[in-house]
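Working notes, beginning with the structure itself.
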Amino acid sequence: MHSAMSTQQKQARIAALQQEVSELQKIFGEDENADECVSRHIKLLHQYNEAKDAAQILIGKLATYRGTTIRQIHEDYGLTDED
226 MHSAMSTQQK
236 QARIAALQQE
246 VSELQKIFGE
256 DENADECVSR
266 HIKLLHQYNE
276 AKDAAQILIG
286 KLATYRGTTI
296 RQIHEDYGLT
306 DED
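The numbers in the sequence shown follow the working numbering, run straight up by one, and end at 308.
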């Protein structure tokens, strides 16, 4: 069972959360709109995925041209599974 937090513990927790909010606002900007930030992030992820897909298509074509595997092309260029 959870014991109830004392008033002092609650106030300390609130203060810690307010400090965290202040630090994040310094990092991201106080006037940053959360919806705009998320939308921008989604747009950037979409662009990244399109570029990655295009690169994988080119790697596949290069592998076919060289008569080798995509895995070998990755190894030849020092690409990891995360790339």
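Quick reminder that beta carbons are idealized off the backbone N, C-alpha and C, glycines included.
Backbone CA spacing between residue i and residue j [nearest angstrom]
i	j	result
A229	K235	10 Å
Q244	I252	13 Å
T293	E307	21 Å
M226	T232	Only weak support is given to the placement of M226: the predicted model assigns it a pLDDT of 44, under 50, and the question is left unresolved by the model.
Q297	A279	18 Å
A241	S247	10 Å
Residue interval of the alpha helix (DSSP H) (run including residue i)
i	result
G285	259 to 291
A237	232 to 253
D256	Here D256 belongs to no alpha helix (DSSP H), and DSSP marks it neither H nor E.
Cβ-Cβ distance between residue i and residue j below 8 Å
i	j	result
G303	I295	no
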